[in-house]
Structure formats: C-alpha cells, structure tokens
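Encoded as structure tokens, the structure appears first; notes follow it.
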Amino acid sequence: MSSAFFNSFAVLFVAIDAAGIGPLFLLLTEGATREQRFKIAIKASLISFIVLIIFAYGGKFFFNWIGVSIDSLKIAGGIILFIISIEMLLDKRRLRREESANKVLHEKTLEEIAIFPLAIPLIAGPAALTSVLLLVNASSKHPEKLIMVYVALTAVMIVTFFHMIFSAILANYTSKNILNVFSRVIALILASLAIQFIVDGIKSSFGF
C-alpha cells in the first residue's frame, strides 16, 4: 500500500474517531436488540459515508462559491484538526462526545439516533468533513493518490461499522489503559498532520 493510503487512513481514522465510536454506540443504543443495533450501525455508516463522499466532491465548489480559497481552508482545517488532537491528548473530546450523546439519549427513537447524532455529527462531523476535503484536494492532480484517499475512507468506514457491531465484545476485552495510550499516539500523529496542513496553506498563500 502507498504512503497516500496510510496518511489518509491515519487522518480519517482519528477525524472520524473510529476507535472511540464503540462506547458511544453502546450508550446510544442502550436497550436495543442485536438486530436493531445491526440496522442502526448499517444506516449510520451508509449515511455518514454518503455525506463524506458528497462533501469531498462538492465542498471545494461550495467554498469557491463563497469566496474561500483552498489555501485558507487548509489553514482553518489544520487549526481545527490541531485543536481536536489537543482535546484527544487531554481526553476532552471523548467527554464532550459522551455528553452530547447523553443529551439525546432519551429524546430520540432508535431510527432517529442512526441519523442524528450517530451519522451526523459523531461520525461525519466537522473534523471528518474538513479532513476528507483537504485530502481529496491535495490528491486531485494525482489520480493514483486520489484513489488511495477513497480506499482509505472506505476502509475507515468499514472499521467504524465493525467497531459499532462488536462494541459490546470489545468493551469487555479491551483495556481502557491500552485504548488511552493508543488514542494519544494517534492524537500526536493527527497534530503533526494538522501542522503540515497549516504550513502548506501558509506557503501557498504567501508564495513561499
């Protein structure tokens, strides 16, 4: 596999938070049957995947229409991803997402939960949307790299789906300490990639 795949996979894995979606899925589907959970996971995965693909294709045209350059988006997107990486290092992102999930737990039906907040914004949230747009734009002149971005997105969505399906089993057999260490390592990778987005945006904007 090419470096384009691994870079894209790492960014999208963290932006979507494929590793952290399991506990949130369990919380949101409390009391649901195995069959209901499967249907919710399928629906949420498909909806979020479609939203991300549409944004990857149409996001650039939208920002051009409102007068925002891709270089500006790189800088803004890099800042957003950097903030998220800091939140992950301090464990604030998980707490914020759990709080958001708790707010709608008793206000939505299981069918509604699959769309909001599971598909949007927990899976296809600001970080994921920004990441997929920046990755697609960065690879737009290199078809082989662009294909790897979409392959990486598909792979992350498959991992996310299975993490939701097997969330109960994973919760019993996965140590919290291991997950915390893994989360922080991934956060450092995301922070590095976020800084690179910012640097690239500044270089392009000022012609360095």
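Letter by letter, the sequence shown follows residues 1143 to 1350 of the working numbering.
Note that CB positions come from ideal geometry on N, CA and C, so glycine has one too.
Endpoints, the alpha helix (DSSP H) within which residue 1278 is located = 1268 to 1280
What is the rounded straight-line gap between the Cα of residue 1358 and the Cα of residue 1180?
-> Lying outside 1143 to 1350, the shown extent of the chain, residue 1358 is not represented and no answer is given.
Alpha carbon to alpha carbon, what distance is there between residue 1191 and residue 1262?
-> 10 Å
Are residue 1215 and residue 1332 close, meaning C-beta to C-beta below 8 Å?
-> no
If we count Cβ pairs, one from each stretch, closer than 8 Å, do we get three or more for the stretch 1339 to 1348 versus the stretch 1191 to 1207?
-> no
Would you report the Cα separation of residue 1266 and residue 1194, rounded to the nearest angstrom?
-> 6 Å
Does the stretch 1154 to 1163 come close enough to the stretch 1263 to 1283 that 3 or more CB-CB pairs lie under 8 Å?
-> yes
So, do the stretch 1273 to 1281 and the stretch 1291 to 1306 have three or more beta carbon pairs nearer to each other than 8 Å?
-> yes
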